[in-house]
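Number 271 in numbering that gives the first Met the number 0 belongs to position 272 of the sequence shown; there are no gaps in the numbering. Glycine residues also receive a C-beta, built at the ideal position from the N, C-alpha and C atoms. Only a predicted model underlies this, so the values are computations on that prediction, with no experimental measurement involved. Notes follow once the structure below has been shown.
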Amino acid sequence: MDSAHQKKTPGKTGRLTTTLERGLRVLQCFDSRDAVLSNGEITKRTGLPKATVSRLTHTLVQLGYLRVSPDNGQFILGIGVLCLGYPLMSGNVLSPSMSQHLTRLAQLIDGTATISMRDHLRIVSLQSESANDVLRRRPGIGLSLPFCGSTAGLAWLIGATEDERARAIRELHYAADEEAVVKYLNLYRNAAAFHRREGYVMTENLVHQDTAVYARTLYRRPGEDLLILSCAISTRTPAGQDARTSVPRLLAGVAETLNDDLRKPTRSRASDRASA
């Protein structure tokens, strides 16, 4: 009986792991642009069977990670997600002074300045300040965007280790639209060549017409995630066109200031947060 029980355990564990993975995929469907989703929309985004999605959303509502909108009966994130995220944000490696530097950069370029990191197939904002929301994304902490097609993603691929980059590319091929991935990797190769010459990444009109986005990696302590500093400007006006020549210099200056902060021991950065 003991041996029979032992044989069943791995299968049960595997099913629980699969259910957990699918539940997390459901939660990852939500973002600031799509805060309310139906079972059908979640099914389309996850590729999971509709019956499976219905069971998962029901369970997630019971656990407090989703709640039902009283307006239309669709789903929105529940307070349980915030409870999960708070320990991460309270231990954030970013100090309050970094927000001040981002605010200053955003004002100087009349655009948006952001520090972000990769989470599988998403780029997640850790800190963002905006003087002019040129990309119309309502930037803020926790905003997540598709990795494939992002300027920050290009900078991440350039700054990542060879193994990290290979794993990310495999993940893209597995889970993203293949045509979009091929196009993005071609863009990455061009961006890498540009980065070798200029020291930063720049794209134009990638998200919206008459916009430019600049990005570069920040200092990385061993064992920590790779952070990306990026900024976006409008190139619609003559002033915006003129700003294109000064943005790389301003971005480099803020990056160096942030790098000085990131080089501090983690305990020192924690003290900065506590005293802020």
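Problem - Reduced DSSP category for P95 - H, G, I as helix; E, B as strand; rest coil - result: Mapped onto the sequence shown, residue 95 falls at position 96. Correct three-state label for P95: helix.
Exercise for the section: Please go through the segment 139-182 and give each complete alpha helix (DSSP H) segment of 4 or more residues, from N-terminal end onward. Expected result: 150-158, 161-174
Problem - Residue range of the beta strand (DSSP E) that includes D118 - result: Numbered from its first residue, the sequence shown carries residue 118 at position 119. First-last of the beta strand (DSSP E) with D118: 111-118.
Problem - T256: first and last residue of the uninterrupted alpha helix (DSSP H) it sits in - result: Along the sequence shown, one-based indexing puts residue 256 at 257. Start and end: 237-261.
Exercise for the section: If I'm right that V25 touches L59 with Cβ under 8 Å, what's the distance once you round it to whole angstroms? Expected result: Position 26 of the sequence shown, counted from the first residue, corresponds to residue 25. Position 60 of the sequence shown, counted from the first residue, corresponds to residue 59. With 8 Å as the limit, V25 and L59 qualify as a contact, their Cβ atoms being about 6 Å apart.
Practice task
Quick one: residues in its chain with C-beta nearer than 7 Å to the C-beta of R235, no 5 flanking neighbours on either side, listed in chain order?
Solution key: If you number the sequence shown from 1, residue 235 lands on position 236. Contacts found: D209.
Exercise for the section: Hey, could you find the ends of the alpha helix (DSSP H) R44 is sitting in? Expected result: For the purposes of this step, residue 44 is taken as the residue at position 45 of the sequence shown. Its alpha helix (DSSP H) spans residues 38-45.
Handout entry: alpha helix (DSSP H) segment containing S53, residue limits
Key = Along the sequence shown, one-based indexing puts residue 53 at 54. S53 -> alpha helix (DSSP H) spans 49-62.
Handout entry: Sequence-distant residues of its chain with Cβ nearer than 8 Å to S68 (five each side left out)
Key = In the sequence shown, the residue the question calls residue 68 occupies position 69. If we look at S68 and ignore the five residues flanking it on each side, its Cβ neighbours are V35, F74, I75.
Practice task
Kindly confirm or deny that the segment 188-208 and the segment 123-139 touch, where touching means at least three C-beta pairs closer than 8 Å.
Solution key: yes
Exercise for the section: Measure the CB-CB distance between I232 and D30 and report whether it falls below 8 Å. Expected result: One-based indexing of the sequence shown puts residue 232 at position 233. One-based indexing of the sequence shown puts residue 30 at position 31. No, the pair does not count as a contact, with Cβ atoms beyond the cut-off.
Practice task
Taking 8 Å as the threshold, find out whether the segment 236-256 comes into contact with the segment 100-109 through three or more Cβ pairs.
Solution key: yes
Practice task
Between the Cα of D70 and those of R195, P145, A175, S37, spot the shortest distance and give me the residue it belongs to.
Solution key: As a working note, residue 70 is residue 71 in the sequence shown. D70 has its Cα closest to that of S37, out of R195, P145, A175, S37.
Practice task
Compute the Euclidean distance between the alpha carbons of L104 and I227, then round it to the nearest angstrom.
Solution key: Position 105 of the sequence shown, counting from 1, holds the residue named residue 104. Position 228 of the sequence shown, counting from 1, holds the residue named residue 227. Distance between the alpha carbons of L104 and I227 is about 15 Å.
Practice task
Leaving out five residues on either side along the sequence, give the residues of the same chain with a beta carbon under 6 Å from the beta carbon of A190.
Solution key: To locate residue 190, count along the sequence shown from 1; it is residue 191. Correct list, in chain order: L153, V200.
Problem - Local Cβ density within 10 Å of E128, reported as buried at 16 or more and exposed below that - result: Working through the sequence shown from its first residue, we reach residue 128 at position 129. Buried is the call here.
Practice task
Could you check what DSSP says for L125 in three-state terms: helix, strand or coil?
Solution key: Counted from its first residue, the sequence shown places residue 125 at position 126. If DSSP states are grouped into helix, strand and coil, L125 belongs with the strands.
Exercise for the section: Tell whether a beta-carbon distance below 8 Å holds between Y64 and V52. Expected result: On the sequence shown, position 65 is the one that residue 64 refers to. On the sequence shown, position 53 is the one that residue 52 refers to. Contact flag unset, no.
Handout entry: Contiguous beta strand (DSSP E) assignments of at least 3 residues, all confined to the segment 180-210
Key = 200-203
Handout entry: Residue from R215, R117, T202 with nearest C-alpha to I168
Key = Working through the sequence shown from its first residue, we reach residue 168 at position 169. If we check each option's Cα against that of I168, R117 comes out closest.
Practice task
Would you identify the three-state DSSP class for R272, choosing helix, strand or coil?
Solution key: Along the sequence shown, one-based indexing puts residue 272 at 273. Its pLDDT being 49, under 50, R272 is placed unreliably by the model, and the measurement read from it follows with that caveat. Helix, per DSSP.
Practice task
Inspect the CB distances between the segment 139-159 and the segment 179-194 and report whether three or more fall short of 8 Å.
Solution key: yes
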